[in-house]
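Everything on this sheet refers to the single structure shown next.
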Amino acid sequence: MSVRSVSKSYQIYDSPAHRLRQFIVPRIRRTLGLRGGAYYRDFRALHNISFDVGRGEVVGIVGRNGSGKSTLLQIICGTLSPSAGRVETLGRVSALLELGSGFNPEFTGHDNVYMNAALIGMSRQEVGRKFDEILDFADIGDFIDQPVKTYSSGMAVRLAFAVAINADPDILIVDEALAVGDELFQRKCFARIEQLRSTGATILFVSHAGGTVVDLCDRAILLDAGEMLADGAPKEVVGMYQKLLYAPADKAARIRDEMLGRVCAALLDGRASGSSGDGTAQDTADALETENYDPAFVSTNVIKYESHGATISGPEIRTMDGRTVNGLVRGRTYRYRYRVDFDRTFTGVRFGMLIKTVTGTHLGGSLSQANVHEGLIVSSGTSAVAEFSFICHLNPGVFFMNAGVFGCLDQGEILIHRLSDAVAFRVLPISRNQAQEAVDFGCTSTVTLE
5 MSVRSVSKSY
15 QIYDSPAHRL
25 RQFIVPRIRR
35 TLGLRGGAYY
45 RDFRALHNIS
55 FDVGRGEVVG
65 IVGRNGSGKS
75 TLLQIICGTL
85 SPSAGRVETL
95 GRVSALLELG
105 SGFNPEFTGH
115 DNVYMNAALI
125 GMSRQEVGRK
135 FDEILDFADI
145 GDFIDQPVKT
155 YSSGMAVRLA
165 FAVAINADPD
175 ILIVDEALAV
185 GDELFQRKCF
195 ARIEQLRSTG
205 ATILFVSHAG
215 GTVVDLCDRA
225 ILLDAGEMLA
235 DGAPKEVVGM
245 YQKLLYAPAD
255 KAARIRDEML
265 GRVCAALLDG
275 RASGSSGDGT
285 AQDTADALET
295 ENYDPAFVST
305 NVIKYESHGA
315 TISGPEIRTM
325 DGRTVNGLVR
335 GRTYRYRYRV
345 DFDRTFTGVR
355 FGMLIKTVTG
365 THLGGSLSQA
375 NVHEGLIVSS
385 GTSAVAEFSF
395 ICHLNPGVFF
405 MNAGVFGCLD
415 QGEILIHRLS
425 DAVAFRVLPI
435 SRNQAQEAVD
445 FGCTSTVTLE
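Under our numbering, the first residue of the sequence shown is numbered 5, with each subsequent residue one higher.
Structure, rendered in structure tokens:
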């Protein structure tokens, strides 16, 4: 697959009247020998995108909403024409784009299988031979004979993916539609994608899940505002994507400009080709395992609960020697600390912390005292610094921390103050990572062949 200087622009009109003027007035002006006017604004969805994908390569495409990912995939599939540039593909292309694409809601699932398969180049005889496999993979039972408009979103995705994956494609393109399916079906899909990968099929995969891109892909591409900011090793590109995603609004433009710069591109190319040259791979591993503080990587969604007599401030993560960091290395010990200023007297005061995933899943936390009877007596006007030591058992990814303080009044224990998503931090990528999912439980393995 070859994508060369692809751009896509749309004409944006402020009102239907402007659209009508654009249709009529320029023709009249040209007839009179005058220059035609423009009653629209150009919206640039893609700008000068170029890359190649080889046979058997799995490439992930990441980017914020509105970055141009879906537009690019539609152009590659041929369902959308570029304003400039060209795309060349070799072999059968099978795509799972936006939910319900290629399906007629009035037709039954059975009829839509044949229609959808025809759109990707399968003959009726070929579909007939594979129909049982498609039905078995989709696992929607008797709904295959019901109109698609009666399907849930998950059922529609199941059927669409079953058709796409059983077309034996040379190129498989998967947009974010898989996020609709349940976990069991997603696992089934990824297992089938791995099987296709082993046969030499080329796969383009769009996802907001950085861990999935790192695990599944050989390469990754970062798009933003229609431009390609990076093309390289998945860990590096996903890290850049997360840095851009969580950057404060006033710093995002500067970070984006840095990513477009030559220095960043040269660094990325060097790391992506780390297997060549003496010591390069080791240098990369060392760089990935260096704790750091990125001032642009901060939580932009801090939720401050109503205060009932105290205020939390200054949450941060520190190394054991006192350096503030938000890039952590798995297996090392850190301190999470914050300040609390009390303007009311409480008994049974306890301090807490909680670690969460990007999706809000609670992974674990701690309280300064096990129960309210062990809590502290704190007078109005007192300030306290709460500090929690923890070993980072998390796998590479992005996580968040809460901070909270509890205390007792006459009516019992209350939540005095809480900051949700107070701190954002990254666990840095490491080489030869065998642990899976969010938490490293320190598992070891022994395999005996008999």
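Ideal Cβ placement from N, Cα and C applies to all residues, glycine included.
TODO: Would you kindly work out how many angstroms separate the C-alpha atoms of T337 and H397, rounded to a whole number?
DONE: 9 angstroms
TODO: Could you spell out where the alpha helix (DSSP H) holding V217 opens and where it closes?
DONE: G214 to L220
TODO: Could you tell me the distance, in whole angstroms, from the CA atom of G339 to the CA atom of M159?
DONE: Residue identity check: residue 339 is Arg in the sequence provided, not Gly. Spanning the two alpha carbons is a distance of roughly 46 angstroms.
Task: Contact check, P400 vs L423, beta carbons under 9 angstroms - done: no
Task: V389 burial status per 10 Å Cβ neighbour count (16 or more: buried) - done: exposed
Open item on the list: Please list the terminal residues of the continuous alpha helix (DSSP H) segment that includes H377.
Closed with: Here H377 belongs to no alpha helix (DSSP H), and DSSP marks it neither H nor E.
Task: In chain order, each beta strand (DSSP E) run of at least 3 residues that lies wholly inside the region 330–398 - done: 337–346, 350–361, 366–371, 380–382 and 387–395
TODO: Give every residue of the same chain whose Cβ lies closer than 7 angstroms to the Cβ of S393, excluding the five residues on either side of it in the sequence, and list them in chain order.
DONE: T337 and R339
TODO: Tell me whether the beta-carbon of D345 lies closer than 9 angstroms to the beta-carbon of F55.
DONE: no
Task: Distance, V117 Cα to M232 Cα - done: 35 angstroms
- [ ] Can you have a look at D140 and say buried or exposed, based on whether 16 or more other CB atoms are within 10 angstroms of its CB?
- [x] exposed
- [ ] Whole angstroms is fine: what's the gap from S11's alpha carbon to G70's?
- [x] 15 angstroms
- [ ] Find out if the Cβ-Cβ distance for the pair G369, C221 is shorter than 9 angstroms.
- [x] no
Task: Beta-bridge pairing of C412 - partner residues as DSSP gives them - done: T351 and E417
Open item on the list: Please classify P238 as buried or exposed, where buried requires at least 16 other C-beta atoms within 10 Å of its C-beta.
Closed with: buried
Open item on the list: Can you tell me whether A168 is helix, strand or coil according to DSSP?
Closed with: helix
TODO: Starting from the C-beta of I359, find all residues in its chain whose C-beta is less than 7 angstroms away, skip the five residues before and the five after it, and write them out in chain order.
DONE: L367, G368, G369, F403 and M405
Task: Neighbourhood of Y17 by C-beta distance below 6 angstroms, restricted to the same chain and skipping five residues each side - done: R23 and Y44
- [ ] Output yes if chain B places a C-beta closer than 9 angstroms to the C-beta of D46; else output no.
- [x] This model lacks chain B altogether, as it is built from one protein chain only.
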